[in-house]
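What follows is a short report on a single structure.
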Amino acid sequence: MQAIDTLTPCPCGNDAGYARCCGLLHEGGVATTAEQLMRSRYSAYVLKREDYLLATWHDSTRPAHLKLAAQQPAPTWLGLTVKRHETSGDQAVVEFVARLRYGGGKAQRMHEISRFVREGGRWFYVDGEFPGKVD
Ligand SMILES: [Zn+2]
């Protein structure tokens, strides 16, 4: 945790810093909203926390593995903007734009509308729609 404690702002963009934001969830904390979970999953992609991504993926759609470390060209995550968060009971939708670059390529935007469900008091990522390029 020591090296990671210096991550300010948090990879998800929170000025409070990683240790007070997504780090709490990565270390076992429970996300109270789907947006929090979504942010912590974005940070997990940044930090290649594949274990966390799989643990927060609903078992109906969860892949066997992600092989983030083997991804070529490797993505560099540049930032996250949450555009919408709607919760209805134990279902939620979070729309966001993540910016990233593959290898030395130019920055691009990934626009996703993610679905989440809450089971046993925990939010899980189910799947996402990609409404097309926004740039
Ligand atoms: Zn965060």
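Add 685 to a position in the sequence shown, counting from 1, and you land on the number used in my numbering. Each residue gets a CB set at the ideal place from its N, CA and C atoms; glycine is no exception. All values derive from a computational prediction rather than experimental measurement.
For the beta strand (DSSP E) assignment, the uninterrupted runs of no fewer than 3 residues enclosed by the stretch 776–820 are, from N- to C-terminal side, 776–787, 793–804, 807–814. Shortest Cα-Cα distance from R734 to any of A719, D744, H743, H750 involves H750. Those residues whose C-beta sits under 6 angstroms from the nearest heavy atom of ligand 1 are, from N- to C-terminal order along the chain, C695, C697, N699, C706, C707, R724, S728.
Each of T717, A716, H711 was checked against the Cα of Y730, and the nearest Cα belongs to H711. In this structure, E780 places its C-beta atom within 8 angstroms of the C-beta atom of R769. Within 10 angstroms of the beta-carbon of G774 lie fewer than 16 other beta-carbons, which makes it exposed.
For N699, the closest C-alpha among the options R724, V715, A719, G713 is that of R724.
With a 10 Å radius around the Cβ and a threshold of 16 neighbouring Cβ atoms, Q721 comes out buried.
In this structure, the alpha-carbon of L763 lies about 12 angstroms from that of L732. As DSSP reads the structure, G764 sits in a beta bridge with R784.
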